[in-house]
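*Asks:* Sharing a structure here in structure tokens format.
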Amino acid sequence: MFSQTITIDYMCWKCKRTICSSEKIFRTSVCEFCGADLHVCRNCTFYSPGAHYDCRENVEELVADKEKANFCAAFSPRADFVSGDDKAAKARDAFNSLFGGIVL
0 MFSQTITIDY
10 MCWKCKRTIC
20 SSEKIFRTSV
30 CEFCGADLHV
40 CRNCTFYSPG
50 AHYDCRENVE
60 ELVADKEKAN
70 FCAAFSPRAD
80 FVSGDDKAAK
90 ARDAFNSLFG
100 GIVL
């Protein structure tokens, strides 16, 4: 019999470092680099500031501190963080591709 371990890459919401793990994120999981809690709203796929309770899932209870570990059953870790600098660069590239580098 062969044993296969699946490694999943998560990203810390605070330090933005990639965390490779063969385990899921639990309420007690912390970032090995900065020590931040990982099972938090800010690290969830469904976190959406401005939505009901800042969540795209239909949650019934407010999680007041979005940066502290919680017991949310809808938690799904995200790995798609984009820094502010990257967002600006992508927007600039999109603008340039639309207008062909027109200088204003």
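The sequence shown lines up with residues 0 to 103 when you count with numbering that gives the first Met the number 0.
Beta carbons: idealized from backbone N, C-alpha and C, even for Gly.
As a quick exercise: from Pro76, Ser75, Arg77 and Cys40, pick the residue whose alpha carbon is nearest that of Glu60.
*Replies:* Within the sequence shown, numbered from 1, the residue matching residue 60 stands at position 61. Looking at the Cα atoms, Cys40 is the closest of the given residues.
*Asks:* Roughly how many whole angstroms lie between the Cα atoms of Ile7 and Ala63?
*Replies:* Residue mapping note: residue 7 aligns to position 8 of the sequence shown, counting from 1. Residue mapping note: residue 63 aligns to position 64 of the sequence shown, counting from 1. When rounded, the distance between both Cα atoms is 28 angstroms.
*Asks:* At a cut of 8 angstroms, does the region 12-25 reach the region 35-53 through at least three beta carbon pairs?
*Replies:* As far as the Cβ criterion goes, the region 12-25 touches the region 35-53, which means the pair count is three or higher.
*Asks:* Report all residues from its chain with a CB closer than 6 angstroms to the CB of Glu56; omit the five preceding and five following residues, and keep chain order.
*Replies:* Here the question's residue 56 lines up with position 57 in the sequence shown. Within the same chain, Glu56 has close Cβ partners Phe45 and Ala73.
*Asks:* Which two residues bound the contiguous beta strand (DSSP E) that contains Asp8?
*Replies:* Along the sequence shown, one-based indexing puts residue 8 at 9. First-last of the beta strand (DSSP E) with Asp8: Ile7 to Met10.
*Asks:* Less than 7 angstroms between C-beta atoms, sequence neighbours within five positions excluded: which residues of the same chain meet that for Phe32?
*Replies:* As a working note, residue 32 is residue 33 in the sequence shown. Once the five neighbours on either side are set aside, the close Cβ partners of Phe32 are Cys11, Cys14 and Arg16.
*Asks:* Tell me which residues share the same chain as Lys119 and place their Cβ nearer than 8 angstroms to its Cβ, disregarding the 5 neighbours each side in the sequence.
*Replies:* Because residue 119 is not part of the residues shown, which for the chain are 0 to 103, the question remains open.
*Asks:* Decide if Pro76 is buried, meaning its Cβ has at least 16 other Cβ atoms within 10 Å, or exposed.
*Replies:* Looking up residue 76 in the sequence shown gives position 77. Classification for Pro76: buried.
*Asks:* Using a Cβ-Cβ cut-off of 7 angstroms (strictly less than) and excluding sequence neighbours within five positions of Ser28, which residues of its own chain qualify?
*Replies:* Numbered from 1 along the sequence shown, position 29 holds the residue referred to as residue 28. The residues are Leu37 and His38.
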